Every structure is written in structure tokens, then in C-alpha cells.
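Asker:
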Amino acid sequence: MIRIRSMRWRLQFWHGLLLATVLVAGGLTAYEYARAAMLGSTDAELDRRVGFFGQLLRGGPPPLRPGRGGPAGGMPEGPGGRPRMAEHLQRALQNLPPDEEATYSLANSEGWYYVVWPPGASKAICSENAPSDVSRPESADLRHPGPNHRNRGDAREAFLELRPGGVALVGHVMTADYARLHRYAGFLAAGCAAVLALGLLVGRWIVGRSLRPIRAITEAAGKIADGALSERIQTSDTDSELGTLARVLNETFARLESSFAQQARFTADAAHELRTPVSILLTHTENALSSPCEVADHREAFAACQRAAQRMRNLIESLLVLARLDSGQDPARRLSVDLAVRAAESIALLRPLAESRKITLTLDLTPAPCLADPDELDRVITNLAANAIQHNAEGGTARLSTFVDAGQACLVVSDSGPGIPPEHLSHVFERFYRADSSRSRASGGAGLGLAIAKAIVEAHRGSISVQSDPGRGATFTVRIPSQPRTSA
Numbered sequence: 001m002i003r004i005r006s007m008r009w010r011l012q013f014w015h016g017l018l019l020a021t022v023l024v025a026g027g028l029t030a031y032e033y034a035r036a037a038m039l040g041s042t043d044a045e046l047d048r049r050v051g052f053f054g055q056l057l058r059g060g061p062p063p064l065r066p067g068r069g070g071p072a073g074g075m076p077e078g079p080g081g082r083p084r085m086a087e088h089l090q091r092a093l094q095n096l097p098p099d100e101e102a103t104y105s106l107a108n109s110e111g112w113y114y115v116v117w118p119p120g121a122s123k124a125i126c127s128e129n130a131p132s133d134v135s136r137p138e139s140a141d142l143r144h145p146g147p148n149h150r151n152r153g154d155a156r157e158a159f160l161e162l163r164p165g166g167v168a169l170v171g172h173v174m175t176a177d178y179a180r181l182h183r184y185a186g187f188l189a190a191g192c193a194a195v196l197a198l199g200l201l202v203g204r205w206i207v208g209r210s211l212r213p214i215r216a217i218t219e220a221a222g223k224i225a226d227g228a229l230s231e232r233i234q235t236s237d238t239d240s241e242l243g244t245l246a247r248v249l250n251e252t253f254a255r256l257e258s259s260f261a262q263q264a265r266f267t268a269d270a271a272h273e274l275r276t277p278v279s280i281l282l283t284h285t286e287n288a289l290s291s292p293c294e295v296a297d298h299r300e301a302f303a304a305c306q307r308a309a310q311r312m313r314n315l316i317e318s319l320l321v322l323a324r325l326d327s328g329q330d331p332a333r334r335l336s337v338d339l340a341v342r343a344a345e346s347i348a349l350l351r352p353l354a355e356s357r358k359i360t361l362t363l364d365l366t367p368a369p370c371l372a373d374p375d376e377l378d379r380v381i382t383n384l385a386a387n388a389i390q391h392n393a394e395g396g397t398a399r400l401s402t403f404v405d406a407g408q409a410c411l412v413v414s415d416s417g418p419g420i421p422p423e424h425l426s427h428v429f430e431r432f433y434r435a436d437s438s439r440s441r442a443s444g445g446a447g448l449g450l451a452i453a454k455a456i457v458e459a460h461r462g463s464i465s466v467q468s469d470p471g472r473g474a475t476f477t478v479r480i481p482s483q484p485r486t487s488a
């Protein structure tokens, strides 16, 4: 079986098949209606004419035409007083009124003929154009009192029993009628063929116009596949259904473009961050190998190499964490933990850093249970708290609080530093982004801490936000569901 793979040709095929079916059904119905109307009209005329003979023979002959001699009305009687129907009919047909003579004349030439078999007569009375092979209807065909009908070749005949024992038959040769019916059928076929051809052309135009948005979508997708990531589908020329699809695809293409751009920035920033420690390693190792140095000098060079290697390791570990979180993997463990306990332990590790910068740490910890990976939760708390310490003014304060709100465990970390400028506020969670690049790089940061914190919180089905006013510090708020959310 041949399978049509083109949507255009499948639509054309089914449209043409449906249209052809409707036209054939309509044409056959019209033909049958015309045929039934023709036969009905013929039968009605046959009934009228054969009924005329019955009335003529029952009611006696019509009045004599002026100028014609003959006996007066009444059916002549034969031996024993029986009516002589043959003579009566002959006389009646010879003395027809002018308005009936053209119809019932013995010399009728319009395709109508009649044959009468009088009772007891040895010979039938017939019109001059009556076929010679017309047979008298059988008794079984005369069961109905009214006119009966039969087909004989191209002729349609009606016959009626005449009391006592006679039969009158009127026939009509329908060759010309069938010729007209056949011409009508030809006109119907030609008309249906013309309508089908026109319908196919119109259907082709409609299908082409309907598929135009799909072609536009295909062309846009092809351009995007070739690298034109900024290409979009024009939704103004699409219908509602395809318009919805186009909008969804445009959103997908936008996210794809953003992902590629982010990946490009990520790769460039990672290479830039790794270039500095690698340069440090190369510089110190080349200096150590190119000139004789004292042991103290070697120790200083090795210490610098160690710091550079440590920085690279931290950067690589951060990149691995982000790669794992980007893959969509859920946290490896989901344990019932208290956010207040984890915050207290993390702050204890950061107190030396706070003391070195003369930062006062203020804790307001209320039990806040949640289901989370303890290690990843510690990473979030540490990143936010370290950020509040490092980006704070010397002698400032950093405040950390935990509580439960609307079924969520909340962590709020705020500082009294210079704050984040409004133009940078929407970018603080981007990877390798630094509002103050010199301070961040000097403190050893790579601009990944907040990005990692955001990725971890979202992996726990939570949210993280930031508020800041220049000169009044910044406040980060983390919300993690107390119970894991289930998809509806």
C-alpha cells in the first residue's frame, strides 16, 4: 500500500476524495430524481389516457361531430342484447371532439399508442403506430382495479381492465425521453467534473495558504540550526493554533539562544579565571628552573604555586557542582535537617574570617526544619555568609536569621556594606559576574558562589532573592519547602 508522506498531498487527497464523494452522491441523487420525475410524469399521462378509454367505453360514445352521420349516442347491442364494444369504440374514436382528436386519433404520431381488446372480439383495436408485438396483459396482471404499468423495451405501458372482460392499453415509446435523460446525465457529469476540478484548485490554494505558517516555522528552525540563533518565527501571520505553537517555539529558541550565549560566556570566563593561576604556576616554575635560588626562595615559589593550584581546584570544584546541578539531578540525599543548626555550624567556621575583618556576626536562629542535602545546604549558608563578610565595610555587621514562614524554612543573610548598585542587582546570580571585580578577584572569588547557591536552592524546589539599597547593605533570602513538593 502506497503511503503518502507529504501533509500537503494527504490533505489534497482527502479533500479531493471527500469532494468527489459528495459530487457523485449529489449527481446520482439528481439523476435518480430526474428519472423518477420523468417516469412519474409519463405514468400520470398514461393513467389519464387509459382512463379516458375506460370512461369512453363505460359512458357511451361522445356526440357526433357536426357534418358526420351516424347513430346517436349509446352503445349498440349485439345478439341477445349484449353491447358491441368494438363497434362502439370504432364509432367513438371516429367522432372525437376537436380537443381530444389530436391525442386519441388513430393516426397519433407523438410516440403514444393504444390497443383495446374488446370482450369477445377476435381482433384488437389499435392506433396506426401501435407496435405489432404488443401482447394482451395476463389475468394475473389485472388484479388491481386501477391502471397497471409495465415496461416493454423502450416503451412504458399502462393497461386497464374494461368490464365485461375487455382490456385497454396505452403505451409511450420513451426513446426520446431516455435520450433527454442521458443528455442530462452528461451535463451532470460534466458539471461535477468542472466543480471537482475547481474544488481541487481552490483546495490546493487553501492547503498551501494553511501550510504557509508551517513552512515559515520550518525555515526559521532551519536558520536556527545553521547558527542564526536570533531568528524568530513571525506570529502575526499564523492562525491561533499554529500561533500558539510558534510562540512556544520562539520561547524555546530564546532559551536556546540564552543558553548558548551563557555557555559561551561561561567558557570564556572559566578560561579567563584559569588563565591567572596557570600563569602564576608557569611564572614561578620557570623562575625556579631558570636561576639558582635559595631554599627560602624555592619555598616562596612553591607556596605561590600551591595557592594558584588551590584556586584552580576551588574553581574546578565549583564548575563541577554547577555542571551536576545543570544536568537536572536531584540532591543525592534528602534528610530532615534544621536550618538553624546548619547555620550555627557554618558560622562557627567563618568566625575567624569575620574577626580578621572586624565584622560583628549577629545570629537570630529559630528552629526551621526542612528536607535537604546537609552538605549542599552548608554550601549555600557558607557562600551567603562569606559574601556578607567579604563585601562588608570593615567594622560592620552581618546578620543571619532562620525561621519558618508559610510552610517554608527561611534563611535571611544581611550585611551593612555598600550594597549593590541597581544596575547590577539583576545579574548577581549570574556565573562569573562581579559587581566589584577588583575586590572579588583580590579576595580569591571567581564569581560563582551566588550562582551555586541559586542552583542548589532551586534543586531543592526553593527560591532565593536579593534586596539592596546603595549604601545600606544587601539582604539575601532563601526559602526551602519544609516538605518536598510533588508535581500535580
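Take the sequence shown: its position 388, counted from the start at 1, is 388 in full-length UniProt numbering, and no numbers get skipped.
Beta carbons: idealized from backbone N, C-alpha and C, even for Gly.
Quantities reported herein were computed from a predicted structural model and do not represent experimental measurements.
1) Can you tell me which residues form a DSSP beta bridge with Asp415?
2) For Val167, report the span of its beta strand (DSSP E) as first-last.
3) For Met171, does the count of other Cβ atoms within 10 angstroms reach 16, so buried, or fall short, so exposed?
4) Could you round the C-beta distance between Asp338 and Pro367 to whole angstroms and report it? I think they count as a contact, below 8 Å.
5) Are Leu363 and Ser336 closer than 8 Å when you measure CB to CB?
6) Looking at the structure shown, is Gln234 part of a helix, part of a strand, or coil, going by DSSP?
7) Thinking just about the alpha-carbon of each residue, which of Arg156, Phe476 and Gly166 is nearest to the one in Ser139?
8) In terms of alpha-carbon separation, which member of Ala130, Ala308, Thr397 and Ala37 lies closest to Arg351?
9) Which first and last residues belong to the beta strand (DSSP E) in which Ile464 is found?
10) Here's the rule I'm using: 16 or more other beta-carbon atoms within 10 Å means buried, otherwise exposed. How should His182 be labelled?
11) Alpha carbon to alpha carbon, what distance is there between Leu196 and Leu211?
12) Which residues does DSSP list as the beta-bridge partners of Asp405?
13) When you compare only the Cα positions, how much space is there between Leu11 and Leu39?
14) Per DSSP, which residues does Glu157 bridge with? Please list them.
15) Compute the Euclidean distance between the alpha carbons of Ala194 and Gly186, then round it to the nearest angstrom.
16) Using the three-state DSSP reduction, which class does Ile214 fall into: helix, strand or coil?
17) According to the Cβ coordinates, are Ala451 and Leu322 closer than 8 Å?
18) Give me the Cβ distance between Leu411 and Ala343, rounded to the nearest whole Å; I'm assuming they're in contact under 8 Å.
19) Which residue comes first and which comes last in the alpha helix (DSSP H) that contains Thr382?
20) For the alpha helix (DSSP H) containing Ile452, list its first residue and its last residue.
21) Are the beta-carbon atoms belonging to Leu365 and Ser401 less than 8 Å from one another?
22) With 16 other CB atoms within 10 Å as the buried threshold, where does Pro145 fall?
23) Between the Cα of Ser356 and those of Glu376, Asp378, Asn392 and Ala340, spot the shortest distance and give me the residue it belongs to.
24) Tell me the rounded alpha-carbon separation between Arg275 and Arg431.
25) Using a 10 Å radius around the Cβ and a threshold of 16 neighbouring Cβ atoms, would you call Val248 buried or exposed?
26) With a CB to CB cut of under 6 Å and the five nearest residues on each side skipped, what residues in its chain are close to Thr218?
27) Grouping DSSP H, G and I as helix and E and B as strand, with all else coil, what is Pro481?
28) Counting only the same chain and skipping the five closest in sequence on each side, list residues whose C-beta sits under 6 Å from that of Arg333.
29) Residues in its own chain within less than 6 Å of Arg156 by CB, not counting five upstream and five downstream?
30) Do Gln408 and Arg472 come within 8 Å of each other at the CB atom, strictly closer than that value?
31) Within the same chain, show all residues whose beta-carbon is closer than 6 Å to that of Arg232, passing over the 5 residues directly before and after it, in chain order.
32) Rounded to whole angstroms, how far is the Cβ of Glu161 from the Cβ of Leu142, which I believe are closer than 8 Å?
Answerer: Per the coordinate set shown:
1) Per DSSP, Ala398.
2) Taken as a continuous stretch (DSSP letters only), the beta strand (DSSP E) holding Val167 covers Gly166 to Val173.
3) Note that residue 171 is Gly in the sequence shown, not Met. By the neighbour-count rule (16 or more Cβ atoms within 10 Å), Gly171 is buried.
4) Right, their Cβ atoms sit about 6 Å apart.
5) At the C-beta level, Leu363 and Ser336 stay beyond 8 Å of one another.
6) Three-state result, Gln234: coil.
7) Checked all of Arg156, Phe476 and Gly166; the closest Cα to Ser139 is Gly166.
8) Comparing Cα-Cα distances from Arg351 to each of Ala130, Ala308, Thr397 and Ala37, the minimum goes to Thr397.
9) First-last of the beta strand (DSSP E) with Ile464: Ser463 to Ser468.
10) Classified as exposed, His182 has fewer than 16 neighbouring CB atoms from the shown chains inside 10 Å of its CB.
11) Those two C-alpha atoms are separated by around 22 Å.
12) The secondary-structure analysis by DSSP pairs Asp405 across a beta bridge with Gln408.
13) Going by the C-alpha atoms only, they are around 42 Å apart.
14) By DSSP's assignment, Glu157 forms a beta bridge with Arg150 and Gly171.
15) Rounded to whole angstroms, Ala194 to Gly186 spans 12 Å at the Cα level.
16) It is helical.
17) Taking 8 Å as the Cβ cut-off, Ala451 and Leu322 qualify as a contacting pair.
18) About 7 Å; that satisfies the 8 Å criterion.
19) Boundaries of the alpha helix (DSSP H) around Thr382: Pro374 to Gln390.
20) Annotation for Ile452: the continuous alpha helix (DSSP H) segment containing it runs Gly449 to Ala459.
21) Yes, the pair counts as a contact, with Cβ atoms nearer than the cut-off.
22) Pro145 comes out exposed.
23) Of the listed residues, the one whose Cα sits closest to Ser356 is Asn392.
24) Each residue's CA atom was taken as its position, placing Arg275 and Arg431 some 17 Å apart.
25) Answer is exposed; the Cβ neighbour count stays below 16.
26) Here the set comprises nothing.
27) Note: Pro481 maps to strand in three-state DSSP.
28) So the qualifying residues of the chain are Asp373.
29) Contacts found: Thr42, His172 and Met174.
30) No, Cβ-Cβ distance for Arg472 and Gln408 is not below 8 Å.
31) Excluding residues within five positions, the ones whose Cβ falls inside 6 Å are Asn250.
32) Going by Cβ atoms, the distance from Glu161 to Leu142 rounds to 5 Å, so yes, they are a contact pair.
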